[in-house]
Every structure is written in structure tokens, then in C-alpha cells.
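**Student:** In this text, residue positions in the sequence shown follow the numbering used here: the first is -7, and each later residue adds one. Where a beta carbon is used, it is the ideal one built from N, C-alpha and C, also for glycine. Structure incoming, see below.
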Amino acid sequence: MFSKNRLHQELKEATNMKAVELRAWLRTDIAPLTVANYDDAPSMDQSNKLLVILMKDSEDLTKADCLFIQSILQRIKYIKNTRSNVQHTKLDWENSLRNLGFDVKKKEKSKKKEKEFY
């Protein structure tokens, strides 16, 4: 069995975009192009379902939501580990992570701010 609170927390830790940011990203012209160009990219349906789940409270999650979260966590981990160094696929790799609520460039910016602070 799974804990809704634990899974919801893991999802929030695995993603660094707020629901509002993900929604704005998914409304761009680039998000659907990523699905077409990058084999490992999630479908737009999956990205939109993730958006709905990110807007829910832990206690409102269904069993189906929890199973979906588990698959999304595995997908994020997989895509992070298959990073492409080829320039023309690197952007699609980054955008497919954005479709899953993880912005690679946002993470890099926060690290830079930490370094500047110290």
C-alpha cells in the first residue's frame, strides 16, 4: 500500500515547477512539439493529468492518482538519467522534463543564487 502524503511529497520534491508554471508551459507551442520530437517525452494528456494532480491536496488523491504519481516519478528519474549531450536533442530532453514539471534551468538558477549568497 502507499501513503498519499508521502507520494504527494515525493512528487513535489521531484518537480520544481508550481502548477501555475506548468500550466503556462503546457500552453506554449513548444510543449506539444517536444512530444512529437522526443521519443521519451510524456504525452500531453499525461502532462495535463500531472497538472491536475499538482493542484490537488494529498487527501483528495485517488488510488489511480497515486499509481499515476508512481509512474511519473519513475519517468522523471529515467529521463534525468538519459540526458542527451547532442545539441539538437538536448533541448527536447530539457523540454520533456518541463512537460513533467521539472525545469532544468530553474534548478541551475537556484544553485547559482546559493553560490552568490555565500
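Is D95 near N8, with beta carbons less than 9 Å apart?
**Tutor:** yes
**Student:** Round the Cβ separation of W17 and R67 to the nearest angstrom and send it over; I've been treating them as touching at under 8 Å.
**Tutor:** With a Cβ gap of about 16 Å, W17 and R67 do not count as contacting.
**Student:** Could you tell me the distance, in whole angstroms, from the CA atom of R(-2) to the CA atom of C58?
**Tutor:** Straight-line Cα distance between these residues: approximately 10 Å.
**Student:** Within 10 angstroms of the Cβ of H80, are there 16 or more other Cβ atoms? Answer buried if so, exposed if not.
**Tutor:** The C-beta of H80 has fewer than 16 other C-beta atoms within 10 Å across all chains shown, which makes the residue exposed.
**Student:** CA-CA distance, P24 and D31?
**Tutor:** Their Cα atoms are separated by approximately 12 Å.
**Student:** Let me know if N73 comes out buried or exposed under the rule of 16 or more other beta-carbons within 10 Å of its beta-carbon.
**Tutor:** exposed
**Student:** Which of the three DSSP states, helix, strand or coil, is assigned to M9?
**Tutor:** M9 falls in the coil class under three-state DSSP.
**Student:** Using only alpha-carbon positions, find the residue among L92, E51 and K55 that is nearest to Y70.
**Tutor:** L92
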